[in-house]
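Asks: So that we are looking at the same thing, I have put the structure below in structure tokens.
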Amino acid sequence: MFIAPEFQQLRDRIAAGGPDAVERALARGRLDLDDLAALLSPAAGPFLAEMAQRSARLTRQRFGNVIQLYAPLYLSSFCINRCAYCGFSAGNAMPRRVLSFEEAEAEAMILHRRGFSHILLVSGEAPAKAGVEYLEALALRLRDKFAAISIEVQPLETAEYARLFAAGITAVAIYQETYDQTVYDQVHRAGKKRDFVYRLATPERAARAGMREVGIGALLGLSDWRAEGLAMGHHLAYLRKAFWRTGLTVSFPRIRPAKGEFAPLMPVSERDLTQLIFALRIFDPDLGLYLSTREEARYRDGMLGLGPTRYSAGSCTVPGGYGDSAASGAQFEIGDQRTIDEVSRAIRAKGLDPVRKDWDAIFQQHEQGRRQAA
Amino acid sequence: MLTIAGKTFRSRLFTGTGKFSSPRVMKEALLASGSEMVTVALRRVDLHDPADDIMAVLDRDRFFFLPNTAGARNAAEAVRLAKLARASGGGNWVKLEVTPDPRTLLPDPVETLAATEELVKAGFVVLPYMNADPILALRLQDAGAAAVMPLGSPIGTNQGVLTRFQVAIIIEQARVPVVVDAGIGAPSHAAEAMEMGADAVLVNTAIAVAGDPVRMAQAFAKAVEAGREAYEAGLGARRTEAEASSPQTGLDFLR
């Protein structure tokens, strides 16, 4: 099982790196965790253009000139956890709902008509409202219409993930939010999410269940982003070794200082975020890297081709929000309001191909058949 | 220190007992090599006969004997050989070699994986000799191999680490020690494998058929040490391609 390194030690290790360590890291073919620490250090700040060049080259080499598009489908805003930073936190007075199967399917079909074939099912963590049975039944209804279905929901057990995989769900995103356990304990005030260790072992459970892809991430703004980056490096290295059949992805949700919202405890600037993305790309060239609509269009366009490989577009973070634009109760504010067509145009303008389908449900059905046969 | 299945080795040079001009030359060369792990072909040696020509000259306190299944053409033969060796006091370690093609002696991946699974289940410490195929290396580790032994080039060819690119991937992904076996024809080849991060190398032919096997054994010992030390010290990387010293990648969009 992955054990998170002590957070302060990660910070110390990063602080120890100077320009020499950065140059050494950038000269190496394959980077180790010390090199990653160097690329995350303040000493790497002046090397951002070099890092961009290396990151862009690796991204092109491993992924080609394509950006994969996806859209989140919010299913439920119910949540049993009290998390200081989240719009869905159990303490917040807000209209809550969970979509019925019909409602969820209607939302999904809107995304389907927009051209998405990869969807991400998202919910607050409330198993009684949107548990495994719910997700399984919904996946079975959606699997014929979508090439790939991912989930970003409460942590589940291995057997539950295996069940969802058989139902057509191929990928699981589960963010630790912060690898700094002190801060983790502070911001997660109540609910099952208070269990740091259980959450930390969730990517492993998903991988063990056979998921094709597992995504990790830190909510940027809770603690020192540099040490979060190095902690993710440790986590990724562990997962690569232990679950070599599983593809890995990283997301970079950044808390933006906005009115009425949770103010970041340790703000992360655009430059910081950029350094983090480049450092992880150079550390692990095969990572799928997400850049969501939390970020503004200007930034997302600027980053095209430099590292991220997956973009969401036209996202709405309110359950039922695609069909009813008046629906309220968003998890977070959107920074890039453009439609999928507008985002696609911006991607093409950079000489890249916006890809809407890069998987097929037939793989899963085959696996399911084999499992039944076995 | 190298540890395989709980056993530690000071020397990262593994050796073999084949092809020497006499047991006496073999003994002197192996002592000169500093090697602590010596592989012996089960078909060649009688492990429980103290009068056996190989067993008689090699001190078992000094050398750990790793019986190998050389000659086995499929999993069934290899498993039978290993079990016979264990039954006659050969211990539960085995260097698994399954080589159906007598010309190249290249290992059969399918039979090697099957034999590894079976031998691990039977309680053996299995070190499979394999082609330098990274996925096979992972599958063998999943099956419980205690180390993997990818070849540098076909056995006896002295061509060096021709599989360099694949071996590098195997090393990067490994959860168990990686021993580069076969094809290491010169001390520089051994150093190269060690610089890449291999945990050990196995050298037999290059020592056994050298003009002076004893001096060649010493040369290999130095090369293995030098390579390991360079790896641990952290080599400066060779650039895969030139990179502009003043990158043009635009970051003007950043706020």
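Chains as they are written, first to last, in the numbering used here: chain A, 1 to 374; chain B, 1001 to 1255. We put the beta carbon where it would ideally sit given N, CA and C, even for glycine.
(1) May I ask you to report which of helix, strand or coil DSSP gives D1252(B)?
(2) Would you mind reading off the limits of the alpha helix (DSSP H) that contains G233(A)?
(3) Measuring only the C-alpha atoms, how far is L40(A) from T1017(B)?
(4) Can you grab the Cα-Cα spacing for the pair A15(A) / Q8(A), in whole Å?
(5) Would you kindly check if the distance between the Cβ of A173(A) and the Cβ of G215(A) is under 8 Å?
(6) Which one or two residues does DSSP pair with Q68(A) in a beta bridge?
(7) Could you check the C-alpha separation between A44(A) and A27(A) for me, to the nearest Å?
(8) Using beta carbons (cut-off 8 Å, strictly below), is F2(A) in contact with chain B?
(9) Is the closest heavy atom of the ligand NAP to the C-beta of V318(A) under 7 Å?
(10) Counting C-beta neighbours from all protein chains within 10 Å, is the total for D1199(B) 16 or more, i.e. buried, or is it exposed?
(11) Any contact of the region 183 to 191 of chain A with the region 202 to 210 of chain A, i.e. 3+ C-beta pairs under 8 Å?
(12) To the nearest angstrom, how far is the alpha carbon of E1192(B) from that of A1186(B)?
(13) If we define contact as Cβ-Cβ less than 8 Å, is G233(A) a contact residue for chain B?
(14) Can you tell me whether A374(A) is buried or exposed? The criterion is at least 16 other CB atoms within 10 Å of its CB, across all chains shown.
(15) Would you grab the beta carbon distance between V1094(B) and F1124(B) for me? Rounded to a whole angstrom, and I think it's under 8 Å.
(16) What residue does the beta strand (DSSP E) around D1181(B) start on, and which one ends it?
(17) Have a look at M109(A) and E125(A) and give me their C-alpha separation to the nearest angstrom.
(18) Under 8 Å: do the region 53 to 68 of chain A and the region 93 to 113 of chain A share three or more Cβ pairs, one atom per stretch?
(19) Determine the chain B residues that contact K350(A) at a beta-carbon separation under 8 Å, and present them in chain order.
(20) With 8 Å set as the bound, which would you pick, yes or no: does the beta-carbon of Q1173(B) sit closer than that to a beta-carbon of chain A?
(21) Can you tell me whether L1084(B) is buried or exposed? The criterion is at least 16 other CB atoms within 10 Å of its CB, across all chains shown.
(22) Give the residues of chain B in contact with L380(A), contact being defined as C-beta atoms less than 8 Å apart.
(23) Distance cutoff 8 Å, beta carbons only. Does W244(A) sit that close to anything in chain B?
(24) Who are the neighbours of R1255(B) on chain A, taking C-beta pairs under 7 Å?
(25) For the region 1129 to 1151 of chain B, which residues have a CB atom closer than 7 Å to at least one CB atom of chain A, in sequence order?
(26) Taking only the alpha-carbon atoms, compute the straight-line gap between G369(A) and V122(A) and give it to the nearest angstrom.
(27) Ends of the beta strand (DSSP E) at M1130(B)?
(28) Buried or exposed: which applies to S269(A), given that a residue is buried once 16 or more other Cβ atoms fall within 10 Å of its Cβ?
(29) For I1170(B) versus A1137(B), is the C-beta distance shorter than 8 Å?
(30) Taking beta-carbon pairs under 9 Å, can you tell me which members of the region 17 to 30 of chain A lie near chain B?
(31) At the level of alpha carbons, what is the spacing between H235(A) and D180(A)?
(32) Taking the alpha carbon of A943(B) as the reference point, which residue from G1006(B), L1030(B), R1175(B) and M1001(B) has its own alpha carbon closest?
(33) For the region 1100 to 1115 of chain B against the region 1073 to 1082 of chain B, do three or more pairs of beta-carbon atoms, one drawn from each stretch, fall closer than 8 Å, so that the two count as touching?
(34) The alpha helix (DSSP H) spanning I1207(B) covers which residue range?
(35) Listing by chain order, which chain B residues have their CB less than 9 Å from the CB of G302(A)?
(36) Do three or more CB pairs link the region 342 to 358 of chain A to the region 1012 to 1027 of chain B at distances below 8 Å?
Replies: So, from the data block:
(1) Assignment of D1252(B) by DSSP, reduced to helix, strand and coil, places it in the coil class.
(2) Here the alpha helix (DSSP H) through G233(A) covers W225 to A242.
(3) L40(A) and T1017(B): Cα-Cα distance of roughly 50 Å.
(4) A straight line joining the alpha-carbon of A15(A) with that of Q8(A) spans about 10 Å.
(5) Yes; because the gap between Cβ atoms is below 8 Å, this pair is in contact.
(6) R310(A) and V355(A), per the DSSP bridge assignment.
(7) Each residue's Cα considered, the two are about 13 Å apart.
(8) Not closer than 8 Å to any Cβ of chain B, the Cβ of F2(A) fails to qualify, so no.
(9) As for the ligand NAP, it is missing from this structure, which has no ligand bound.
(10) The residue in question, D1199(B), is buried, as its Cβ has 16 or more Cβ neighbours within 10 Å.
(11) Touching, no, given that fewer than three Cβ pairs across the two stretches are closer than 8 Å.
(12) Rounded to whole angstroms, the gap between the alpha carbons of E1192(B) and A1186(B) is 10 Å.
(13) False, the Cβ-Cβ gap to chain B never drops below 8 Å.
(14) Residue placement at A374(A) is poorly supported in this model, since its pLDDT is 43, which falls under 50; the coordinates still yield a value, given next. Exposed: under 16 other Cβ atoms inside 10 Å.
(15) In this structure V1094(B) touches F1124(B) by the C-beta definition: roughly 5 Å separates them, less than 8 Å.
(16) From DSSP, the beta strand (DSSP E) with D1181(B) extends over V1179 to D1181.
(17) In a straight line, the C-alpha of M109(A) is about 24 Å away from that of E125(A).
(18) With the cut-off at 8 Å, the region 53 to 68 of chain A and the region 93 to 113 of chain A do not touch.
(19) None at all; the shortest Cβ gap to chain B is about 11 Å.
(20) Interface residue, yes.
(21) L1084(B) is classed as exposed because its beta carbon has fewer than 16 other beta carbons within 10 Å across all chains shown.
(22) There is no way to answer for residue 380(A), as the model of chain A reaches only from 1 to 374.
(23) It does: the Cβ of W244(A) has a partner Cβ on chain B nearer than 8 Å.
(24) Counting only Cβ-Cβ distances below 7 Å, R1255(B) has contacts in chain A at E270, in chain order.
(25) Along the region 1129 to 1151 of chain B, going in chain order, the ones with a CB nearer than 7 Å to a CB of chain A are L1138.
(26) Confidence at G369(A) is low in this model, with a pLDDT of 48, below 50, so the placement of that residue is unreliable and no value is reported for it.
(27) Looking at the DSSP string, the run of the beta strand (DSSP E) that includes M1130(B) is V1125 to M1130.
(28) S269(A) is exposed by the Cβ-count criterion.
(29) The Cβ atoms of I1170(B) and A1137(B) sit closer than 8 Å to each other.
(30) For the region 17 to 30 of chain A, residues whose beta-carbon sits nearer than 9 Å to a beta-carbon of chain B comprise R24, L26, A27, R28, G29 and R30.
(31) For the pair H235(A) and D180(A), the Cα-to-Cα distance works out to about 13 Å.
(32) For residue 943(B) there is no data in the structure shown, the boundaries of chain B being 1001 and 1255.
(33) As far as the Cβ criterion goes, the region 1100 to 1115 of chain B touches the region 1073 to 1082 of chain B, which means the pair count is three or higher.
(34) Per DSSP, I1207(B) belongs to the alpha helix (DSSP H) from T1205 to A1208.
(35) At a beta-carbon threshold of 9 Å, the residues of chain B lying near G302(A) are G1250, L1251, D1252, F1253 and L1254, ordered along the chain.
(36) Look at the beta carbons and you see the region 342 to 358 of chain A not touching the region 1012 to 1027 of chain B: under three pairs across the two are nearer than 8 Å.
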